[in-house]
Amino acid sequence: MKKSIRKWLVFLGATLALALIVASCGGSPSGSFKIIGSNTLTPLSSVWAEEFMATHSNVSISVSGPGTGPGIAALIDGTADIAQASRPITRNETAQAEAKGVHPYEIHVASDGLAVVVNPSNNVSVLTTAQLSAIYTCGITNWREVGGKNAPIVVLSRDTNSGSHDFFLQRIVQMQGLPSENKTLQYGPCVLFLASTEAGITEVTQNPNAIFYPGLGYVTNQTKILAIKKTASDPGVLCSKETVLDGTYYLARPLFYYTNGEPTGLVKEFIDYCLSSAGQEKVSEAGFIPLA
Amino acid sequence: MLKPKISSVVAGPKTENSLRRRLRLGERFVEGWIFLAGVLAIIILVGIIATLIKEGLPIFAYSSPWEFLFGAKWYPTSEPSTFGILPFFISTLMITLIATAAAVPIGVGCAAYLAEVAPTRVRETVKPIIELLAGIPSVMMGFIGLMLLSPLVRSIFHLNTGLCGLTAAIMLSLMSLPIIVSVSEDALRAVPKEFKEASYALGATKWETIRHVCVPAALSGISAAIMLGVGRAIGETMTVLMVAGGALAVPSSPTDPMTTMTAAIASGIGNAERGGLHYQALFAIGLILFVMTLGVNLIADRVLQRQKRKFAR
Chain A
1 MKKSIRKWLV FLGATLALAL IVASCGGSPS GSFKIIGSNT LTPLSSVWAE EFMATHSNVS
61 ISVSGPGTGP GIAALIDGTA DIAQASRPIT RNETAQAEAK GVHPYEIHVA SDGLAVVVNP
121 SNNVSVLTTA QLSAIYTCGI TNWREVGGKN APIVVLSRDT NSGSHDFFLQ RIVQMQGLPS
181 ENKTLQYGPC VLFLASTEAG ITEVTQNPNA IFYPGLGYVT NQTKILAIKK TASDPGVLCS
241 KETVLDGTYY LARPLFYYTN GEPTGLVKEF IDYCLSSAGQ EKVSEAGFIP LA
Chain B
1001 MLKPKISSVV AGPKTENSLR RRLRLGERFV EGWIFLAGVL AIIILVGIIA TLIKEGLPIF
1061 AYSSPWEFLF GAKWYPTSEP STFGILPFFI STLMITLIAT AAAVPIGVGC AAYLAEVAPT
1121 RVRETVKPII ELLAGIPSVM MGFIGLMLLS PLVRSIFHLN TGLCGLTAAI MLSLMSLPII
1181 VSVSEDALRA VPKEFKEASY ALGATKWETI RHVCVPAALS GISAAIMLGV GRAIGETMTV
1241 LMVAGGALAV PSSPTDPMTT MTAAIASGIG NAERGGLHYQ ALFAIGLILF VMTLGVNLIA
1301 DRVLQRQKRK FAR
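Just so you know, the sequences run in chain order A and B.
Heads up: the first sequence begins at 1 in this note's numbering, then just goes up one per residue.
Heads up: the second sequence begins at 1001 in this note's numbering, then just goes up one per residue.
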């Protein structure tokens, strides 16, 4: 009765794959494999899979996005050939895999930049990581404290399903790698955890006091991107393809594929396509950032 | 003239016997099949309970049941993790109560109108439309809540954000309304005509008849309808996940953003490491949710029995 969107995506992916098997006939290499994992990466993997199947008519690829955790679990269980991940594999997961004789092999396939956005009517345009950390730990609760108007801050985040949740926690809330790093900090009680990036964008569009961190591909022109200062003395940097690629933007993260050992055969051919210039062109089209 | 009759009488038991044998065979088959179906339902139920217990109970080795149930801090991904489900428990309770309190009077009133007052033509058009409302997927209801209701709630109550428990409760009351209306209307219509006629014959008005005869007579059906509505409100996941706001603090008022138990499971299971502490904690929430719905059903059953006895007297 309560089907989640993700289950629908699984179903959609399966139907799509089936339809393409039926539609295909003739061609040289044949076979099928499954990509399971991150919700963030699903749109990109689907585009790659479709393009690859268009040129390899006997190949079928199914893509589903229940989340990074289930994807890696599927790789360990042998039900997925590729696990797509928006965070690196954890030590625990590697240990579980090794115990089952699976050797996760990491391939960096694209990058993503997390933009910090507010409502266009908000007059704040730059924040330091320390200020963002204070906002997300509920130390700063009014826009006045960061140079805005006198209004409460509505702090929006993704829920723990999302790789972005962990990434933002480490990089912004705990200020990883900065002099002010504090590993004990957590999202505060004032933070709203949303089930989807779209919900956050909708709320920022409607609510003049909201702040949120969507992936660059989700940013619309009804929201305003804030510049981020790594420390108070650094210049403010806006999230864009250029700043992520040249490494000046702080909130950039890699997106991975994991296979069992080095990829071989058909899976290798597919990943080679993803990493080729034609494949990387699709990365920009899907709203992500191609490898440099 | 008599002969055929006699022959038919003679032939009767023979054909009847073979027919009975065939019927018995068919009946045996159907009986067996139904029995298997019943057993299967029990096996599935036991399987679900076993899975919940197997995956969920180990969390209590890490965090005591007291800490788990009454802890206000839920930090599943930090080191060390803290699991306290009090905020989710209070949120579920708050949203379910408000949704039920809003849906029951409207639903039962609507059912009484349709069953007793409305002309046949009105009833025959309105009831299918209300039942159609039950067919709207919960994602759509969540979407409507997100786009239309939450800005409205925000401006009416002057809140920081419209993503809060109240918005979720309003959406849930809309979702349980069709079930309550449809099932109570059926129950009210099943009240024997004689009851109402007797009431009218004693000079009771329409309102008095509905209030003192129809509703008490249909009470078991109406209670069932309400329980179905409450069940839907407790178990509904997608809509509350989308509009309740998802804050992890213990809510102090319905206008605070909050996370229900179902939303906590749905929003965490996707990234939980299989067999890890977070995974176990989510299954334990599922177990508690199961115990809660079981409790609601048992209480409802008790109330129903008592009402039935009272009415029989």
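Beta carbons are placed, not taken as given, at the ideal position from N, Cα and C, and that holds for glycine.
None of the values given here were measured: they were computed from a predicted structure.
Could you pull out every residue in the same chain whose Cβ sits closer than 7 Å to the Cβ of residue i, ignoring the five residues on either side in sequence?
i       : result
A:K149  : N123, W143
A:L169  : Y187
A:T128  : K229, T231, A232
B:L1282 : I1265, G1268, I1269, A1272
A:A110  : L44, L255, V283, F288, I289, P290, L291
B:M1238 : S1138, V1139, G1142
A:G71   : I36, G37, S38, A80, A83, Q84, A85
A:K183  : Q174
B:G1056 : Q1280, F1283, A1284, G1286, L1287
Which same chain residues, not among the five before or five after residue i, have their C-beta less than 6 Å away from its C-beta?
i       : result
B:T1167 : G1145, L1149, S1150, V1153, V1243
A:F212  : V117, L156, G200, V204
B:S1063 : F1083
A:A49   : I61, V63
To the nearest angstrom, report how far apart residue i and residue j are at their CA atoms.
i       : j       : result
A:Q84   : B:L1069 : 35 Å
B:V1108 : B:V1303 : 18 Å
B:I1288 : B:G1229 : 19 Å
B:F1035 : B:I1048 : 20 Å
B:L1174 : B:P1192 : 30 Å
A:I135  : B:T1100 : 36 Å
B:Q943  : B:I1059 : For residue 943 of chain B there is no data in the structure shown, the boundaries of chain B being 1001 and 1313.
A:E106  : A:A80   : 15 Å
B:R1022 : B:A1041 : 29 Å
B:I1095 : B:S1176 : 13 Å
A:A54   : A:Y273  : 12 Å
A:D296  : A:A115  : Absent from the structure is residue 296 of chain A, since the part of chain A shown begins at 1 and ends at 292.
A:C25   : A:D166  : With a pLDDT of only 40 at A:C25, under the threshold of 50, the placement of this residue in the model should not be trusted, and no figure is reported.
B:F1157 : A:E262  : 58 Å
B:L1163 : B:I1090 : 17 Å
B:A1187 : B:A1224 : 9 Å
B:L953  : B:M1292 : The question about residue 953 of chain B has no answer here: the residues shown for chain B are numbered 1001 through 1313.
B:T1250 : B:M1258 : Note that residue 1250 of chain B is Val in the sequence shown here, rather than Thr. Distance between the alpha carbons of B:V1250 and B:M1258: 8 Å.
A:A23   : A:F33   : Residue confidence is low: A:A23 scores 46 on pLDDT, short of 50, so the model does not pin down where it sits. No coordinate-derived value is stated.
A:I337  : B:V1183 : Outside the displayed range of chain A (1 to 292) lies residue 337 of chain A, so it cannot be described from this structure.
B:T1092 : B:M1261 : 6 Å
A:K224  : A:R87   : 26 Å
A:Q222  : B:P1076 : 34 Å
B:S1220 : B:T1120 : 24 Å
A:T197  : B:V1215 : 47 Å
A:T160  : B:L1045 : 29 Å
Excluding the five sequence neighbours on either side, which residues of its own chain have a C-beta within less than 8 Å of the C-beta of residue i, listed in chain order?
i       : result
B:W1317 : The structure shown does not extend to residue 1317 of chain B, since chain B is modelled only from 1001 through 1313, so no value can be given for it.
B:V1296 : M1227, V1230, G1231, I1234
B:A1102 : A1169, I1170, S1173
DSSP puts residue i in a beta bridge; with which residues?
i       : result
B:W1074 : B:F1083
B:M1258 : B:G1245
A:F256  : A:A85, A:H108
A:I228  : A:L127, A:V237
A:S62   : A:K34
B:S1252 : B:S1252 pairs with nothing; no bridge assigned.
B:P1042 : Looking at the sequence shown, residue 1042 of chain B is not Pro but Ile. None; B:I1042 has no bridge partner.
A:F167  : Answer is none; A:F167 lacks a bridge partner.
A:L114  : A:G215
A:N142  : A:P152
A:F193  : A:S157
A:I289  : A:S111
Would you identify the three-state DSSP class for residue i, choosing helix, strand or coil?
i       : result
B:I1318 : Residue 1318 of chain B lies beyond the residue range present for chain B, which begins at 1001 and ends at 1313; the question has no answer from this structure.
A:G27   : Its pLDDT being 40, under 50, A:G27 is placed unreliably in this model, and the value from its coordinates should be taken loosely. In this structure, A:G27 counts as coil in the three-state DSSP scheme.
A:I21   : In this prediction, A:I21 has a pLDDT of 48, which is less than 50 and means its spatial position is unreliable; nothing more can be read from the coordinates.
A:N122  : coil
B:S1064 : coil
A:V155  : strand
A:K2    : In this prediction, A:K2 has a pLDDT of 45, which is less than 50 and means its spatial position is unreliable; nothing more can be read from the coordinates.
A:G147  : coil
A:F212  : strand
B:L1287 : helix
A:S276  : coil
Practice task
List in chain order: all unbroken alpha helix (DSSP H) runs of 4+ residues lying wholly within the region 1088 to 1143 of chain B.
Solution key: 1120 to 1134
Problem - Entirely enclosed alpha helix (DSSP H) segments - the region 1152 to 1176 of chain B, minimum 4 residues - result: none
Problem - Within the region 1176 to 1204 of chain B, ranges of the alpha helix (DSSP H) (whole runs, at least 4 residues) - result: Taking only runs of at least 4 residues, the alpha helix (DSSP H) segments lying wholly in the region 1176 to 1204 of chain B are 1193 to 1201.
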